[in-house]
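> The numbers in the working numbering rise by one with no breaks, and the one at position 192 of the sequence shown is 192.
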Amino acid sequence: MSDVLRADVLRATGIHKSFEDREVLKGVDVTLGAHEVVALIGASGSGKSTLLRCLGLLEPIDDGQIFLGDEDISDPRVDGNRVRARLGAVFQSFNLFPHLSVLDNVTLASRVVHRMPRRDAEARAAELLARVGLADKARDHPDRLSGGQQQRVAIARAIATDPEVLLLDEITSALDPELVGEVLELVRDLASEGATILMATHEMAFARDVADRVVFLDAGTIVEQGPSASVLRNPQEARTRAFLARVTA
Ligand code: ADP
Ligand code: MG
């Protein structure tokens, strides 16, 4: 697609991030076009979560720039809460509020951050819960749900505010194998409906089927990126080949 049709939704350049004296991101550039689905792959410890957290303004960066649309969200004068309200994030470990019902989990940001009237927020949440197959769980607390159901609530919560970008961090890694499919299916639906998604994942078959592009991160550096089928089937870099041989063995 031409640049004219496909404006960048998220564009990060030269991202550096260290924890104490350990450099975890060593100058990462990553771009997400509108409606693009990008899979972030790489070994454990390569920096995937740190990158997602930096892009979501959940972690300050040491150097580089991040644009959301045409706004430089890495500018220290930016109001982080306002920016985070434009993003949806889902993590490995669900992170639902345990003391709130499923319905309140899904409506909280709409009500508190976006100041949507409760009735409107609840109507929208009911639609979303039906959509993720959990209409009958609205009044339950998260601990009554399976991991797969909790993760589907977390996704409903993330999309309740119509985020410009979804940042998904290994959202199936903590699930029992039989629950992975229902969550991936939901991500596949969101992708086909035009969501813009950056997802760290170990699910290579899913990345190949659903992602437009794959970005391979190794020790804080992007070693290779490109269309999913070519990176996953025909990797050009030795480090990508070695990683793929390990995870698909
Ligand atoms: P991945 O998600 O690819 O497994 P992470 O981004 O979680 O990788 O971690 C990359 C490196 O950064 C690891 O060595 C990890 O120990 C380190 N790291 C991540 N978060 C912190 C933190 N808050 N404090 C110190 N080190 C961290
Ligand atoms: Mg991680």
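From the three backbone atoms N, C-alpha and C, an ideal C-beta is built for every residue, glycine too.
1) Per DSSP, which residues does P227 bridge with? Please list them.
2) By the DSSP assignment, the beta strand (DSSP E) with K17 in it spans what residues?
3) For F206, which residues in the same chain have their Cβ closer than 7 Å to its Cβ, ignoring the five residues on either side in sequence?
4) At which residue ranges does the region 42-118 contain complete alpha helix (DSSP H) runs of 4 or more residues, listed in the order of the chain?
5) Exposed or buried, which one is D136 when buried takes at least 16 other CB atoms within 10 Å?
6) Looking at the ligand ADP, does it come within less than 8 Å of V24, judged from the CB to the closest heavy atom?
7) Mind checking who D218 pairs with in its DSSP beta bridge?
8) Could you please give me the residues that DSSP links to L168 through a beta bridge?
9) In chain order, what residues of the same chain have a beta carbon less than 8 Å from the beta carbon of L129, not counting five sequence neighbours either side?
10) When every heavy atom of the ligand MG is checked, does at least one fall within less than 8 Å of the C-beta of E59?
11) Tell me where the beta strand (DSSP E) around D268 begins and ends.
12) Tell me the rounded alpha-carbon separation between C54 and I197.
13) Please determine, among V165, R233 and D212, the residue with the shortest C-alpha to C-alpha distance to L52.
14) Within a Cβ cutoff of 8 Å, which residues of the same chain sit near D3, ignoring the five residues on either side of it in sequence?
15) Helix or strand or just coil, what does DSSP make of L184?
16) Below 8 Å on the Cβ atoms is my guess for D8 versus T31; work out the distance and round it to an integer in Å.
A quick look at the data gives this:
1) In the DSSP output, where bridge partners are listed per residue, P227 has R213.
2) DSSP places K17 in the uninterrupted beta strand (DSSP E) bounded by D8 to F19.
3) Excluding sequence positions up to five before and after F206, its CB lies within less than 7 Å of the CB of L184, all in the same chain and listed in chain order.
4) Within the region 42-118, the complete alpha helix (DSSP H) segments at least 4 residues long are 48-55, 80-84 and 102-112, listed from N- to C-terminus.
5) D136 comes out exposed.
6) Yes; taking the cut-off as 8 Å, the Cβ of V24 has a heavy atom of the ligand ADP nearer than that.
7) Per DSSP, the beta bridge partners of D218 are T221.
8) L168 pairs with V90 and M199.
9) Correct list, in chain order: V102, L103, V106, A135, K137, A138, V153 and A156.
10) Not under cutoff, so the answer is no.
11) Any question about residue 268 goes unanswered here, given that the chain covers just 1 to 249.
12) Each residue's alpha carbon lies about 15 Å from the other.
13) Selected option, being the one with the closest Cα: V165.
14) In this predicted model, D3 has a pLDDT of only 48, less than 50, meaning its place in the structure is not dependable enough to derive any value.
15) L184: helix per DSSP, three-state reduction.
16) The distance from the Cβ of D8 to that of T31 is about 5 Å, consistent with a contact at the 8 Å cut-off.
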